[in-house]
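Protein chains: 2
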Amino acid sequence: MKREYLQYVAARREQVEAALDRYTSGLDAPPRLVEAMRYSLLAGGKRLRPILVLAASELFGLDAADAMPCACAIEMIHTYSLIHDDLPCMDDDELRRGRPTCHVVYGEAMAVLAGDALLTQAFGLMAEQAGVARVGPARTARAALELAQAAGAAGMIGGQVEDLAWEGRQADEAQLRRIHSLKTGALFCAAVRMGGILAGAGEGDLDRLGRYAAHFGLAFQIWDDVLDVVGDAALTGKGVGSDARQEKSTYVSLHGVDGARERAYAAVRQALGELEPFGRDAWVLRALAESVVDRVA
Amino acid sequence: MKREYLQYVAARREQVEAALDRYTSGLDAPPRLVEAMRYSLLAGGKRLRPILVLAASELFGLDAADAMPCACAIEMIHTYSLIHDDLPCMDDDELRRGRPTCHVVYGEAMAVLAGDALLTQAFGLMAEQAGVARVGPARTARAALELAQAAGAAGMIGGQVEDLAWEGRQADEAQLRRIHSLKTGALFCAAVRMGGILAGAGEGDLDRLGRYAAHFGLAFQIWDDVLDVVGDAALTGKGVGSDARQEKSTYVSLHGVDGARERAYAAVRQALGELEPFGRDAWVLRALAESVVDRVA
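Protein chains in written order, with the working numbering: chain A, 9 to 305; chain B, 9 to 305.
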C-alpha cells in the first residue's frame with residue numbers, strides 16, 4: 009500500500025508540474041513578469057492541494073486529467089499567497105524552500121504583480137475548467153465559488169490579516185486554531201470539496217470531505233510547528249527555531265513538542281474517521297493524511 | 009437625448025453603488041480588512057466599467073439587474089488595481105480622488121490584502137453570476153475567461169509592468185498606446201464584451217463591441233492626459249501637471265494640448281463608427297463615448 013501510494017503521488021505530482029508549466033508557457037506577457045510567476049510557481053513543493061483536488065475527484069469517478077485546470081488553479085492561489093505573505097510589508101521573509109523569495113529576486117513591485125497575475129490566472133483556469141465536457145460549467149461555477157470564498161476575505165486572506173494582528177503577542181490555542189483554519193484549513197477544505205463537486209459528489213459526501221480536510225489541515229499545521237523546532241533546516245528550507253525567534257505562538261510553545269505531536273496524531277485519526285464510509289476507495293486520501301505526520305519536510 | 013442619457017447613467021450608477029455596498033456588507037471577515045476594501049471600493053468614481061457592462065447587456069436585451077454581479081466584478085478588479093498601483097513599491101501615490109490612498113490610511117500590508125480580497129471576490133461574483141437563470145453558467149464561464157485574460161498577465165497587469173519599465177524614460181507613441189491599451193483598454197473591452205456575452209450576442213457583434221471599446225479607451229486615456237495639464241485639481245483629485253513632474257510620456261507631451269484633443273475626438277469618432285450597425289438601440293454606448301471627451305474630471 010505504501011508503495012502504491014508513493015507511486016500515485018509521484019505520478020500526480022508529475023502531471024501537476026507538467027500542467028503548471030504548460031499553463032504558464034507562451035503567455036503573451038512581459039517576459040520578466042512571466043519569469044517571476046514561474047520562479048515561484050515552479051519551485052517544487054509537495055503540490056498537496058492539487059493532489060487533494062485530484063484524489064477527491066478520482067474518489068467519485070472523475071479522471072484526474074479532467075480536474076487538472078482546477079487542481080492547478082488552487083496551486084496558483086497557494087503560490088500567490090506565499091509571494092504576497094513574504095513581502096517586506098508582511099512577514100518580510102527572504103527565504104522560501106531554501107531559495108530567495110520572489111521580491112528578493114525580482115523586486116517588490118514585480119512580486120506584487122506576479123502574485124496578482126497568478127491569482128487572476130487561477131480563476132482563468134477555473135473558467136477553462138468549465139469547458140471540460142465531463143464536468144461542465146454548472147459544477148465548475150460552484151467549485152469556483154468555493155475557491156473564491158476559501159481564498160478570500162472570509163478565508164485565507166482574513167487569516168493572514170488575523171495572523172498579522174497577533175504579531176508580537178501570544179495568541180491562545182483557540183485563536184491559533186482560528187488563524188490556521190483560515191490561513192491553511194480553508195484551502196485544504198476547498199481542494200477536496202472542489203474535487204468532489206467537479207465529479208458530482210452529493211452534499212453529504214462533500215461535507216464529509218470538508219471535515220476530513222479540516223482535521224488534515226490542523227495536523228499539517230501542528231506538524232509544521234513541530235518541524236520548526238526539531239526539523240532539519242536543509243529540508244524545511246527555513247531556519248530551525250524561526251517561529252520562536254519571532255515570538256509567535258505555536259502548538260509547540262503551547263503544548264511542548266510531545267504534546268503537539270500527540271495533537272497532530274489525534275487530528276489525523278479524526279481525519280481518517282471521516283473517510284470510513286468511503287471504504288477502500290478512499291485509500292489515497294487516507295494515505296495523504298497519514299503522510300502529514302512523521303514527514304521530515 | 010442628453011437628459012435621457014444623464015438619467016440613465018445616474019440610475020445605473022446608483023444601482024451599481026447599492027450592489028457594491030451589498031456585496032461587501034456582512035462579510036464574515038476581519039472588520040478592518042472589510043473597511044479597507046470598502047474605503048477604496050465605495051470612494052465614488054464614475055463606475056464607467058460596470059455601466060459599460062450593463063449598457064452592452066441591455067443592448068442585447070438582458071435586464072441590467074441580471075448582469076449586476078459581473079458589472080460589480082469588473083469594478084472590484086479596477087479598484088484592486090488602483091490600490092496596488094498606488095503602493096509605495098509601485099507608483100507611490102498618496103492621493104486618489106482627493107483622498108489619502110488605501111495604504112496611507114490602513115498601512116501597506118492591509119492595502120495589499122484588501123486588493124487581493126477585492127480581486128478574489130470579483131471572481132466569486134462571476135461564479136454567482138452563473139446562478140442568474142437568464143444568463144446561466146456557460147455564458148458566465150466565457151465572460152469570466154474574458155475578465156481573467158483582460159485583467160491578467162497578458163492584459164492589465166502586463167500593462168502595469170510595462171508602464172513601470174518605462175519609468176523615467178520617454179516612451180514613444182507606439183509604446184504609449186501599447187501600455188494604455190493593456191492598462192486601460194483591456195478592461196474596457198472586457199466590460200462591453202462580457203455584457204454582450206451574458207446577453208447572448210453573436211461573435212461579430214462581440215468583436216464590434218471590442219473595437220468600440222478600444223477606441224473609447226484610447227480617447228479616455230488621451231483625455232486624462234489633457235486634464236492633467238488643463239484640469240482642475242479639485243476635480244481630478246490629483247495635482248495638475250503631476251505627469252510632467254514625473255517626466256512621463258503623455259499624449260500632450262508628444263502632440264501638445266491641441267494635438268492630443270484632436271486625437272481624442274478622432275478616437276471617439278471611430279468608436280461611434282463601430283456602433284452604426286446597431287442603430288438607435290446603441291444610444292447609451294454612443295453617449296458614453298461622447299461623454300469621455302470634454303469631461304472636466
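Glycine included, C-beta positions come from ideal geometry on N, C-alpha and C.
Exposed or buried, K10 of chain B, counting other C-beta atoms within 10 Å across all chains shown (16 or more means buried)?
exposed
Any beta carbon of chain A sitting closer than 8 Å to that of A43 of chain B?
It should be pointed out that residue 43 of chain B corresponds to Glu in this sequence rather than to Ala. Not one chain A Cβ lies under 8 Å of E43 of chain B.
Between which two residues does the alpha helix (DSSP H) carrying M45 of chain A extend?
P39 to L49
Between R21 of chain A and the rest of its own chain, which residues show a CB-CB distance below 6 Å, the 5 nearest in sequence each way excluded?
R55
If you draw a straight line from the C-alpha of A279 of chain B to the C-alpha of G53 of chain B, how long is it?
23 Å
Test item: CB-CB of E181 of chain B and L262 of chain B under 8 Å:
yes
Straight-line gap, A179 of chain B to G144 of chain A (C-alpha atoms, nearest Å):
45 Å
Note down, in chain order, all residues in the segment 76-102 of chain B with a beta-carbon under 7 Å from any beta-carbon belonging to chain A.
H92, L95, C97 and M98
Express the C-alpha separation of Y47 of chain B and C110 of chain B in angstroms, rounding to a whole number.
7 Å
Express the C-alpha separation of A149 of chain B and P38 of chain A in angstroms, rounding to a whole number.
26 Å
Contacts of F131 of chain A in chain B (Cβ-Cβ under 7 Å)
F131, A152 and A156
Alpha carbons only, please: which of A:P77, A:E282 and A:F224 is nearest the one belonging to A138 of chain A?
A:P77
Any chain A beta carbon closer than 8 Å to E211 of chain B
no
Bridge-paired residues (DSSP) for L153 of chain A
Answer by DSSP bridge pairing: none, since L153 of chain A is not bridged.
Environment of P285 of chain A [buried if 16+ CB atoms lie within 10 Å]:
exposed
Check whether chain A comes within 8 Å of A169 of chain B, counting only Cβ atoms and requiring the distance to be less than that.
In the sequence as presented, Ala is not what sits at residue 169 of chain B; that position holds Val. Chain A, which has a Cβ nearer than 8 Å to the Cβ of V169 of chain B, makes this yes.
For L95 of chain B, three-class secondary structure by DSSP:
coil
Please return the same chain residues whose Cβ sits closer than 7 Å to the Cβ of E102 of chain A, not counting the five positions on each side in sequence.
P108, T109 and V112
C-beta neighbour in chain A for A117 of chain B, strict 8 Å:
yes
Just list the alpha helix (DSSP H) runs in the segment 109-193 of chain B, keeping only unbroken ones of 4 residues or longer that don't cross its boundaries, in chain order.
110-114, 116-137, 144-159, 164-173 and 181-188
Would F131 of chain B and F131 of chain A qualify as a contact pair, given that the criterion is a beta-carbon distance under 8 Å?
yes
Which residues of chain A have a Cβ atom closer than 7 Å to the Cβ of A125 of chain B, listed in chain order?
G160, A161 and I165
Just confirm the distance between the C-beta atoms of G123 of chain B and H92 of chain B, as a whole number of angstroms; I'd bet it's less than 8 Å.
5 Å
How many Å lie between A141 of chain B and V17 of chain A at the Cα?
40 Å
Classify Q229 of chain B: buried if its beta carbon has 16 or more other beta carbons within 10 angstroms, exposed otherwise.
buried
Of the listed residues A:L283, A:R186 and A:L206, nearest to G308 of chain A (C-alpha basis):
With chain A covering only 9 through 305, there is no way to say anything about residue 308 of chain A.
For a test of the three-state rule: what should DSSP assign to R107 of chain B, helix, strand or coil?
strand
For V301 of chain B, the three-state DSSP class (helix, strand or coil)
coil
Contact with chain A by D36 of chain B, beta-carbon distance below 8 Å
yes
Mind pulling the chain A residues with CB within less than 7 Å of E222 of chain B?
The sequence as given places Ala at residue 222 of chain B; Glu does not occur at that position. Within chain A, no residue comes near A222 of chain B; the closest Cβ sits about 16 Å away, beyond 7 Å.
What in chain A is Cβ-close to A199 of chain B, meaning under 7 Å?
Here the premise fails: no neighbours, minimum Cβ distance about 16 Å.
For L293 of chain B, return the contacting residues in chain A, with the cut-off set at a CB-CB distance below 7 Å.
By Cβ distance, chain A contributes nothing, its closest Cβ being about 25 Å from L293 of chain B, past 7 Å.
Within the 8 Å Cβ cut-off, does A146 of chain B reach chain A?
yes
Within 8 Å, strictly: CB atoms of F196 of chain A and L293 of chain A:
no
Would Y220 of chain B and E270 of chain B qualify as a contact pair, given that the criterion is a beta-carbon distance under 8 Å?
no
What residue range is occupied by the uninterrupted alpha helix (DSSP H) comprising E270 of chain A?
Y259 to L283
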